[in-house]
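Under mature numbering (1 follows the signal peptide of the UniProt record, and there is no 0), residues -22 to -1, 1 to 350 are what the sequence shown spells out, in order. We treat Cβ as the ideally placed atom computed from N, Cα and C, and that holds for glycine. This structure is a prediction, so every number in the text was calculated from the model and none was measured.
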Amino acid sequence: MVNKLVFLILSTVILVGNQSFAQKKITLKEAFKDKFLIGVAVNRSQINQSNQEETKLITSQFNALTAENDMKWMYIHPKEDTFNFEQADKLVELAKANDMFVVGHTLVWHSQLAPWVFKTDKGDTINNAELTSRLKKHISTIVEKYKGKIDAWDVVNEALAEDGSYRKSPFYTIGGESFIENAFRFAHTADPEAELYYNDYNLINAEKRDGAIRIINNLKSKNIKIDGVGIQAHWSLEEPTIEEIETAIKMYSETGVKVMFTELDISVLPSPWNSPTADVSVSFENNPTMNPYPNGLPDSVQTQLAKRYAAIFELFNKHADKIGRVTFWGLHDGLSWKNNFPIRGRTDYTLLFDRAMEPKKAFNAVIDTVND
């Protein structure tokens, strides 16, 4: 009888020991607590905590927050002498109540701007001196307001073209590359303790990667603070390859900055391009070929997505000493921006939680990349 009891106890211990993290209901932030932060981008409704199920999922699974849109220039600084801090305040409150790291996104970006930014009262284009003055006021006012409350800033977003040259945005055509230097200087002066990042998409691609490294090295050569590079990981089931991602991680890390994967989602849909991108100005027409899963994702594709996420996180775990944060761009599939980009009205399945906020195979696969 005693031997049988011992056998049953040992069998139970072995079975429990062999359970996956996912089966034990380990959360993302618990699984990766010794590796890197796990973040999520939140929309206005979530910042306002309008849906308690979403709030519970956000606060239980993640330990870093980014506002998906509400801290972009058009919302937070809509008029030259008007700042709107209501949503940013609520974001900070939500994070503080749940001991979460906060990323301010984004201080300088050519898109989602207020219409006054580059114009004089007469409608003419401003000169570099005025641009610098406006950048200083914008950055200093916002960063000083959240000094000690917002932990890190995406200071400059998407300043590069695909070939690694500077994007010919009005910031660049008016101010040259010095607008980037000034933005980082102003942010550092306003909050010397905050981490400062350069953020962009397609930073795995060699030419654009080299352009980002040029920006990092230029800032460092002038003793301008930069703490990290944010790689917008809007990827597909096939691209970029694990080898390409690993090469980029190593090369960015060699510059002395942290590596962040700031906008992770993986599209399962066919792309109208030859490679993934996140240029929000591009769109294509919808058709059944481009929207193959309007009524649900086949199990075979669920498995393919899970394997892709697992391979990516196995790589992240391998280089956890170089990675500061991984942020998912949206809470669940129903809220993913990829449902409408680059083709409106499609049904995509890019994230770890489905439209009912239930964990997918991909969630389990990600959790299981961490050794028990």
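Reducing DSSP to helix, strand and coil, say where residue i ends up.
{"i": "His212", "result": "strand"}
{"i": "Ser245", "result": "strand"}
{"i": "Leu(-13)", "result": "Low per-residue confidence applies at Leu(-13): pLDDT is 47, beneath 50, and the placement is therefore not dependable enough to give any value."}
{"i": "Met238", "result": "strand"}
{"i": "Ile194", "result": "helix"}
{"i": "Val95", "result": "coil"}
{"i": "Val344", "result": "helix"}
{"i": "Tyr144", "result": "strand"}
{"i": "Asn76", "result": "coil"}
{"i": "His83", "result": "strand"}
{"i": "Lys200", "result": "coil"}
{"i": "Thr44", "result": "strand"}
{"i": "Lys57", "result": "strand"}
{"i": "Ala298", "result": "coil"}
{"i": "Thr233", "result": "coil"}
{"i": "Thr305", "result": "strand"}
{"i": "Ile36", "result": "helix"}
{"i": "Leu69", "result": "helix"}
{"i": "Asp277", "result": "helix"}
{"i": "Ile16", "result": "strand"}
{"i": "Asn106", "result": "helix"}
{"i": "Ala139", "result": "coil"}
Round the Cβ separation of residue i and residue j to the nearest angstrom and send it over; I've been treating them as touching at under 8 Å.
{"i": "Gly189", "j": "Gly142", "result": "3 Å"}
{"i": "Gly206", "j": "Trp131", "result": "Actually they are not in contact, since the Cβ atoms of Gly206 and Trp131 sit about 10 Å apart, beyond 8 Å."}
{"i": "Phe157", "j": "Leu113", "result": "7 Å"}
{"i": "Val344", "j": "Phe14", "result": "13 Å between Cβ atoms; not a contact."}
{"i": "Lys198", "j": "Leu174", "result": "The pair is not a contact, with the Cβ atoms about 12 Å apart (cut-off 8 Å)."}
{"i": "residue 367", "j": "Asn21", "result": "This structure does not reach residue 367, given that the chain is present from -22 up to 350, and the question cannot be answered."}
{"i": "Asp178", "j": "Glu136", "result": "5 Å"}
{"i": "Met238", "j": "Ile321", "result": "About 28 Å separates the two Cβ atoms, so there is no contact after all."}
{"i": "Thr233", "j": "Ile194", "result": "5 Å"}
{"i": "Pro148", "j": "Ala92", "result": "No, Pro148 and Ala92 are not in contact; Cβ-Cβ is about 12 Å, not under 8 Å."}
{"i": "Leu69", "j": "Ile25", "result": "5 Å"}
{"i": "Asp299", "j": "Val246", "result": "That belief does not hold up - the Cβ atoms of Asp299 and Val246 are roughly 31 Å apart, past 8 Å."}
{"i": "Glu222", "j": "Ile182", "result": "5 Å"}
Could you check the C-alpha separation between residue i and residue j for me, to the nearest Å?
{"i": "His310", "j": "Ala107", "result": "44 Å"}
{"i": "Lys186", "j": "Asn29", "result": "39 Å"}
{"i": "Trp87", "j": "Asp346", "result": "37 Å"}
{"i": "Ile128", "j": "Lys115", "result": "18 Å"}
{"i": "Met335", "j": "Lys228", "result": "34 Å"}
{"i": "His166", "j": "Ala172", "result": "7 Å"}
{"i": "Val134", "j": "Glu122", "result": "17 Å"}
{"i": "Ile290", "j": "Ile244", "result": "11 Å"}
{"i": "Ile301", "j": "Phe96", "result": "36 Å"}
{"i": "Pro170", "j": "Gln280", "result": "44 Å"}
{"i": "Asp67", "j": "Leu242", "result": "25 Å"}
{"i": "Ala168", "j": "Ser23", "result": "29 Å"}
{"i": "Phe306", "j": "Lys200", "result": "33 Å"}
{"i": "Val18", "j": "Ile36", "result": "7 Å"}
{"i": "Lys11", "j": "Ala73", "result": "17 Å"}
{"i": "Glu64", "j": "Lys316", "result": "27 Å"}
{"i": "Lys146", "j": "Gly323", "result": "30 Å"}
{"i": "Thr119", "j": "Ala340", "result": "41 Å"}
{"i": "Leu313", "j": "Thr328", "result": "10 Å"}
{"i": "Lys296", "j": "Lys236", "result": "15 Å"}
{"i": "Asn349", "j": "Gln90", "result": "42 Å"}
{"i": "Ser249", "j": "Thr219", "result": "16 Å"}
{"i": "Phe294", "j": "Asn105", "result": "44 Å"}
{"i": "Trp7", "j": "Ile152", "result": "Reading the sequence as shown, one finds Lys at residue 7 and not Trp. Cα to Cα, the separation comes out at about 43 Å."}
{"i": "Ile4", "j": "Lys34", "result": "15 Å"}
{"i": "Gln282", "j": "Tyr271", "result": "14 Å"}
{"i": "Asp77", "j": "Thr98", "result": "43 Å"}
{"i": "residue 351", "j": "Trp94", "result": "There is no way to answer for residue 351, as the model of the chain reaches only from -22 to 350."}
{"i": "Tyr150", "j": "Leu138", "result": "10 Å"}
{"i": "Lys125", "j": "Arg163", "result": "15 Å"}
{"i": "Tyr287", "j": "Thr60", "result": "42 Å"}
Does residue i pass the burial test, meaning 16 or more other C-beta atoms within 10 Å, or should it be called exposed?
{"i": "Glu32", "result": "buried"}
{"i": "Lys50", "result": "buried"}
{"i": "Asn160", "result": "buried"}
{"i": "Lys338", "result": "buried"}
{"i": "Val(-17)", "result": "With a pLDDT of only 47 at Val(-17), under the threshold of 50, the placement of this residue in the model should not be trusted; the figure read from the coordinates follows. The residue in question, Val(-17), is exposed, as its Cβ has fewer than 16 Cβ neighbours within 10 Å."}
{"i": "Ala75", "result": "exposed"}
{"i": "Glu263", "result": "exposed"}
{"i": "Ala42", "result": "buried"}
{"i": "Asn180", "result": "buried"}
{"i": "Gly308", "result": "buried"}
{"i": "Thr103", "result": "exposed"}
{"i": "Asn318", "result": "exposed"}
{"i": "Ala284", "result": "buried"}
{"i": "Ala184", "result": "exposed"}
{"i": "Asp332", "result": "buried"}
Scan the segment 308 to 342 and note each continuous beta strand (DSSP E) run of 3 residues or more that stays entirely inside, going in chain order. none
In the segment 154 to 194, which residue ranges form an unbroken beta strand (DSSP E) of at least 3 residues, counting only runs that do not cross its ends? 173 to 179
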